[in-house]
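J.: Before I ask anything, let me first share the structure, which is written out below as structure tokens.
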Amino acid sequence: MQLLDGKKAAQAIRDELKIEVAQLAAEGKKIPHLAAILVGNNGASETYVAAKVKACDEAGFLSTLIRLEADTPEIRLLDQIEKLNNDPDVDGILVQLPLPSHIREENVINAIDPDKDVDGFHPVNIGRMVQGLPTFIPATPHGVMLLLEHFKIDTKGKHAVVVGRSNIVGRPMSILLSANTNPGNCTVTVCHSRTPDIKSFCLQADIIVAAIGKPEFITADMVKEGAIIVDVGITRVEDATKKSGFKLKGDVHFDSVAPKSSWITPVPGGVGPMTIAALLKNTYRSCALKN
Ligand code: NAP
Numbered sequence: 002m003q004l005l006d007g008k009k010a011a012q013a014i015r016d017e018l019k020i021e022v023a024q025l026a027a028e029g030k031k032i033p034h035l036a037a038i039l040v041g042n043n044g045a046s047e048t049y050v051a052a053k054v055k056a057c058d059e060a061g062f063l064s065t066l067i068r069l070e071a072d073t074p075e076i077r078l079l080d081q082i083e084k085l086n087n088d089p090d091v092d093g094i095l096v097q098l099p100l101p102s103h104i105r106e107e108n109v110i111n112a113i114d115p116d117k118d119v120d121g122f123h124p125v126n127i128g129r130m131v132q133g134l135p136t137f138i139p140a141t142p143h144g145v146m147l148l149l150e151h152f153k154i155d156t157k158g159k160h161a162v163v164v165g166r167s168n169i170v171g172r173p174m175s176i177l178l179s180a181n182t183n184p185g186n187c188t189v190t191v192c193h194s195r196t197p198d199i200k201s202f203c204l205q206a207d208i209i210v211a212a213i214g215k216p217e218f219i220t221a222d223m224v225k226e227g228a229i230i231v232d233v234g235i236t237r238v239e240d241a242t243k244k245s246g247f248k249l250k251g252d253v254h255f256d257s258v259a260p261k262s263s264w265i266t267p268v269p270g271g272v273g274p275m276t277i278a279a280l281l282k283n284t285y286r287s288c289a290l291k292n
């Protein structure tokens with residue numbers, strides 16, 4: 002078993018970006034600028050946004066964090082997005098999900114200028130991704146593809162089973178893995194909550210991408226010997242022995258699955274850091290298009 006070490010791969014991407022940004026600055030060109038909006042104070046969202054802002058700072062990007070109260074009306078959030086859309090200094094706009102229940106996520110995603118949609122959730126960018134055109138690819142599946150690329154995983158002709166079909170992870174993941182690209186060129190099966198006998202599909206998989214949010218759902222008896230395992234899931238599970246009161250669990254039972262796998266991502270330290278690296282890459286791309 003070998004580790005698909007997301008921390009290591011993400012650091013390599015971030016170091017590369019840092020050099021490129023320093024070069025932009027030296028040439029007097031525009032430096033990438035990410036604006037992140039956080040509505041409310043959900044603990045996990047606070048952590049994710051803080052990590053994204055820190056990563057921007059470390060790579061020499063500019064970043065702006067806009068905090069809005071949990072009871073902010075949807076129209077105020079849309080106004081804020083409009084301001085950022087019209088601000089020539091801002092290259093990327095990120096609204097941290099999930100949003101409070103009174104705000105319709107769809108309206109917010111659709112309000113972001115597709116040219117600044119560095120999370121890649123806007124229907125225009127999803128459409129471009131489906132057609133294989135240059136675009137902003139949703140950060141988490143983009144991060145998974147960069148991780149496979151970094152470790153030179155040969156995916157061509159493999160059977161990939163993606164468990165989960167959300168718009169931000171499972172569905173784009175299945176499209177990217179089936180694309181005529183490298184990595185890519187997989188034959189893809191998508192499983193979800195209405196799939197009977199998920200185990201029978203997973204047992205046929207050369208690659209499993211688990212993105213469901215159910216801690217340790219994928220167990221050793223569901224995995225073929227030598228399979229490549231990508232665990233996207235992150236769930237906070239209560240743990241009184243931790244100072245924070247919780248620990249992070251993936252969707253894969255790591256201890257039992259790892260010995261059967263050829264490659265596996267840890268949680269934490271696998272897909273999480275790659276999501277941030279992909280977000281930075283998207284923001285850099287947005288800025289580069291302007292430069
Ligand atoms: P989501 O929107 O809740 O979607 C979950 C998907 O899993 C749905 O398609 C659902 O099926 C399916 N599912 C749920 N229970 C299932 C079951 N028992 N059997 C089979 N399928 C099941 O979640 P998400 O946003 O895609 O996120 C998934 C996980 O990834 C979460 O743990 C999240 O925290 C994590 N995540 C991590 C990162 C990262 O950077 N590492 C980024 C984003 C998300 P239906 O469609 O039928 O309901």
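Numbering (our numbering), first residue to last: 2 to 292.
The beta carbon of each residue, even a glycine, is placed where N, CA and C say it ideally should be.
This structure is a prediction, so every number in the text was calculated from the model and none was measured.
(1) Using the Cα positions of residue 169 and residue 189, report the straight-line distance between them to the nearest angstrom.
(2) Excluding the five sequence neighbours on either side, which residues of its own chain have a C-beta within less than 8 angstroms of the C-beta of residue 55, listed in chain order?
(3) Does DSSP put residue 91 in a helix, a strand or coil?
(4) Would you list the residues sitting across from residue 236 in a DSSP beta bridge?
(5) Is residue 151 a contact residue of the ligand NAP, with contact defined as CB to any heavy atom under 8 angstroms?
(6) Would you identify the three-state DSSP class for residue 151, choosing helix, strand or coil?
(7) According to DSSP, simplified to helix, strand and coil, what is residue 163?
(8) Might you give, ordered along the chain, the residues of its own chain that have their beta carbon closer than 7 angstroms to the beta carbon of residue 206, omitting 5 neighbours on each side?
(9) Just verifying my parser: in three-state terms, what is the DSSP assignment at residue 73?
(10) Alpha carbon to alpha carbon, what distance is there between residue 110 and residue 92?
(11) Nearest to residue 269 by CA position, among 203, 238, 283, 281, is which residue?
(12) Quick one: what's residue 34 bridged to in DSSP?
(13) Examine the ligand NAP and report whether any of its heavy atoms sits within less than 8 angstroms of the Cβ of residue 284.
(14) Is it a yes or a no for the segment 131-142 touching the segment 167-184, going by three-plus beta-carbon pairs under 8 angstroms?
(15) Just the Cα atoms here: how many angstroms apart are residue 248 and residue 292?
(16) With DSSP as the reference, label residue 170 as helix, strand or coil.
(17) Run through DSSP, which three-state label would residue 192 get?
(18) Is the beta carbon of residue 277 less than 9 angstroms from the beta carbon of residue 144?
(19) Taking residue 121 as the reference, give the member of 60, 94, 105 with the closest Cα.
T.: Short version:
(1) 17 angstroms
(2) none
(3) coil
(4) 250
(5) no
(6) helix
(7) The DSSP-derived three-state label of residue 163 is strand.
(8) 160, 161, 162, 225, 228
(9) coil
(10) Approximately 16 angstroms, taken between the alpha carbons.
(11) 238
(12) According to DSSP, which records beta bridges pairwise, residue 34 is partnered with 63.
(13) no
(14) Under the three-pair Cβ rule at 8 angstroms, the segment 131-142 counts as touching the segment 167-184.
(15) 42 angstroms
(16) coil
(17) strand
(18) Between residue 277 and residue 144, the CB-CB gap stays under 9 angstroms.
(19) 94
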